[in-house]
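I have placed the structure first, in the form of structure tokens, so that the comments after it can refer back to it.
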Ligand code: DGY
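Residue numbers (the numbering used here): 3 to 316.
See below:
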């Protein structure tokens, strides 16, 4: 059972082996609960909670929840474990796509591209002006990666060409990033204070909620560019909007928001922000590969094998 939508690249693999039903993107919670009943596997995604209620509605035969994405903060892992349901995700498939979007947002925010383009589109451009649209250069910038996992590590590779220092936070040291890219592991506060560009690459969780709050924002340089392609919950939206409006930080590039698809409307009037609607993994290659991984995970579990991407701890 696909609760919303799986792209054909993965859906076809499932259809070769199982009876597959898909509700489509507009499915509501009660439709999901009704449709899940009796399913052996559920294909889920970040837009809805996979909680004990939904698992219960599916029934005791349910064996696998295959989340279409690398993040699984929408899944109640304890409830799945208690019911003996395997949870899988799609790591790796979206590493390049998300790291590249983080770079795009960093550059767009640093040069205030969305506002400059808006001016042009609205006919407000008066011609070349030496004073206007001055932004920040990334060449030589200190770049801080918060959460140097797959995506954070790839982001660091992409920005290595800018030539400045590279800082990172991580539970574990990353000798590869240190040896290959000269990265330095530091505590979060030091990273915030030293970096010209800060990119967030942590999963959403109770511990990471509002990691970037008023206090953290006040540690940053007045010219710092903050990028978030991880989860909206990492950043206190109201505090970030205040910091931008009061010129306490340089710029922000955001792909994720608290309460998606809603977001704080203050972002629409805040200066120097580049906004994207959660499109980090949205490349043809990445989304097809994610879909195939979802299918491979479901097939493995339902055929009694270890899935390629089990979520640890379930
Ligand atoms: C993920 O995989 O967790 C992304 O946020 C969805 O693209």
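Cβ atoms here follow ideal geometry from the backbone N, Cα and C, with glycine treated the same way.
No experiment lies behind these values; they were computed from the predicted model shown.
Review point. Which term fits residue 110, buried or exposed, when burial requires 16 or more other beta carbons within 10 angstroms of its beta carbon?
Key: buried
Review point. In this structure, what does DSSP give as the bridge partners for residue 317?
Key: Only positions 3 to 316 of the chain appear in this structure, which leaves residue 317 out of reach.
Exercise for review: Pick out whichever of 186, 135, 178 has its Cα sitting closest to the Cα of residue 148.
Suggested key: 186
Practice item. Would you identify the three-state DSSP class for residue 311, choosing helix, strand or coil? Key: coil
Exercise for review: Under 5 Å from any heavy atom of the ligand DGY, by CB: list those residues in chain order, please.
Suggested key: 71, 72, 73, 283
Check your understanding: Going by the beta-carbon positions, is the gap between residue 217 and residue 250 smaller than 8 Å?
Key -> no
Exercise for review: Look at residue 255 and residue 236 and say whether their C-beta atoms are less than 8 Å apart.
Suggested key: no
Review point. Does the beta carbon of residue 174 fall short of 7 Å from some heavy atom of the ligand ATP?
Key: For the structure depicted, the ligand ATP is absent and the ligand set comprises only the ligand DGY.
**Study point:** Backbone secondary structure at residue 100 - three-state DSSP
**Key:** helix
Practice item. Keeping to the same chain, check which residues put their C-beta closer than 6 Å to that of residue 172; ignore five residues upstream and five downstream. Key: 150
Review point. In angstroms, rounded to a whole number, what distance separates the CA positions of residue 258 and residue 107?
Key: 12 Å
Check your understanding: If you check the beta carbons only, do residue 86 and residue 304 fall under 8 Å apart?
Key -> no
Exercise for review: Taking residue 146 and residue 199 to be in contact with their CB atoms under 8 Å, please state how far apart those CB atoms are, rounded to whole angstroms.
Suggested key: 7 Å
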